[in-house]
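A short worksheet on the structure shown next.
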């Protein structure tokens, strides 16, 4: 398929429609299916479940979402008593929200416990699993008892971006709340995440400290989700005035889609593109371009997705989102995945090209191991001193971070390397040692 720089309407109309007779959704391997076993692709837009106590805005948002091709809303709430940024869960308010979303507009609903990582001292994302875990579980039990037979609720997103915890501790907590939900007789899909930057899964079996790394850990009717947020301003890594920023947008979109496909293959469960959006609302910005690319790739590979945009819609409607919706989609999207069998990084049609075509494996070590190349496809992360050799003709951008992972802390180095055809360049050897957490992006 082909993606154009001209921004298409990225909310393409669904070939599938909501069906009140579909029954509770199930997972079947990598697919989300209805009671007839038919695969369903979720195309969701995210918002506070009350639209910040403005139900008239929720109605307008649902109407716009439906007309734009979305088939679901991701309804965010906070656990009662621990409000951070969204409306606390209230059964009567949730009933009202679900009536608007599912009955009035025929959209599916995803119930999302959005910001609940609080202690008695602080409310935020940086804490280990909540000290008030019992309140969180009790909230989900109340939801399960109330909505276990609601066929328009697709899934329960148990915890949004659980930073500060991970591995076996987080996995067991997910099991605990899932068991409590199942004890009510509720068999809705449960959607889980991991804390390591959320949009990166450490799934290799050689990394048992990861939250999810083996198919046996995936329970019945369980799905996973990955998030992808990138800043587009002069103070962040994705700089508008940097040469090739549109190609960086293509790199970000490619690696995210490839990540989801790879982990679906490894874990044999649905992996949703859980949350992404825009900071720059200029229709010509690379941020909007990247957002559009992600949806186009998701459509091509039958990946479910959830775009976060209610605040932007409230702030910029009608001009920005009307303009966005009015864009015509260029060409037909292939509804059949273009890959077959096992997913292979080297065969993925990445944009602007596949980085594996520019790595000399005979001269490289640990180029696809946990913590070394977590993403693959179009850039490589290098936190350890093992050599990796790139071959020309290509151009590299190298960023060194003064912290234990990218995107946090300070960039200490940021430079370009031009590699002519027939030549190579190595990082991670004695001549060019690793000096921090290093990200290498490649262009042709």
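In my numbering, the protein residues as written are 977 to 1420. Quick reminder that beta carbons are idealized off the backbone N, C-alpha and C, glycines included. Source: prediction; values computed, not measured.
Three or more Cβ pairs closer than 8 Å define a contact, and the segment 1260–1268 falls short of that threshold against the segment 1018–1027. In the assembly as shown, residue 1006 is a buried residue. Its beta-carbon has 16 or more other beta-carbons within 10 Å.
By the 16-neighbour rule on beta-carbons within 10 angstroms, residue 1392 is exposed. Annotated as distal: residue 1364 and residue 1375, with beta-carbon spacing of 8 Å or more. In the structure shown, residue 1070 adopts helical secondary structure according to DSSP, grouped into three states.
Non-local beta-carbon contacts of residue 1154 in its own chain, meaning distances under 8 Å to residues more than five positions away in sequence, involve 1134, 1166, 1195, 1198 in chain order.
Here residue 1390 has 1375 as same chain residues with Cβ atoms under 6 Å from its own Cβ, once five neighbours each way along the sequence are excluded. Out of 1064, 1335, 1049, the CA that lies nearest to the CA of residue 1418 is found in 1335. Taking a C-beta distance under 8 Å as the contact criterion, residue 1088 and residue 1050 qualify as a contact pair.
When secondary structure is reduced to three states using DSSP, residue 1249 falls in the strand class. If you check the CB distance, residue 1285 and residue 1249 do not come in under 8 Å.
For residue 1117, the enclosing alpha helix (DSSP H) starts and ends at 1109–1123. The alpha-carbon separation between residue 1119 and residue 1320 amounts to approximately 40 Å. Pairing residue 1147 with residue 1187 gives a Cβ-Cβ distance under 8 Å. Comparing alpha carbon positions, the residue from 1361, 1337, 1077, 1203 closest to residue 1037 is 1077. Taken through DSSP and simplified to helix, strand or coil, residue 1361 comes out as coil.
Non-local C-beta neighbours of residue 1042 in its own chain, meaning closer than 8 Å and more than five positions away in sequence, comprise 1081, 1082, 1083, ordered along the chain. Inclusion of residue 1157 and residue 1117 in the CB contact set at 8 Å is warranted, their separation being smaller than that value. Shortest Cα-Cα distance from residue 1074 to any of 1016, 1057, 1143, 1048 involves 1048.
The beta carbons of residue 1272 and residue 1254 sit no closer together than 8 Å.
Residue 1071 sits exposed, since fewer than 16 C-beta atoms from the chains shown fall within 10 Å of its C-beta. Nearest to residue 1161 by alpha-carbon distance, out of 1125, 1034, 1065, 1368, is 1125. In terms of Cα proximity to residue 1234, the closest of 1222, 1191, 1278 is 1278. Distance from the CA of residue 1113 to the CA of residue 1066, rounded to the nearest whole angstrom, comes to 15 Å. The alpha carbon of residue 1053 has as its nearest neighbour, out of 1063, 1046, 1045, 1044, the alpha carbon of 1063. Annotation: residue 1411 to residue 1402 spans about 14 Å, alpha carbon to alpha carbon. Across the set 1056, 1008, 1145, the C-alpha of 1056 shows the shortest separation from the C-alpha of residue 1108.
The residue among 1145, 1152, 1224, 1131 with its C-alpha nearest the C-alpha of residue 1200 is 1131. In this structure, 1371 is the residue among 1324, 1371, 1039 with its C-alpha nearest to the C-alpha of residue 1223.
Per the DSSP secondary-structure output, residue 1198 pairs in a beta bridge with 1166. With contacts defined by Cβ atoms closer than 8 Å, residue 1164 and residue 1395 do not form a contacting pair. Residue state for residue 1333 is assigned as helix, using DSSP reduced to three classes.
In this structure, the CA atom of residue 1275 is about 19 Å from the CA atom of residue 1010.
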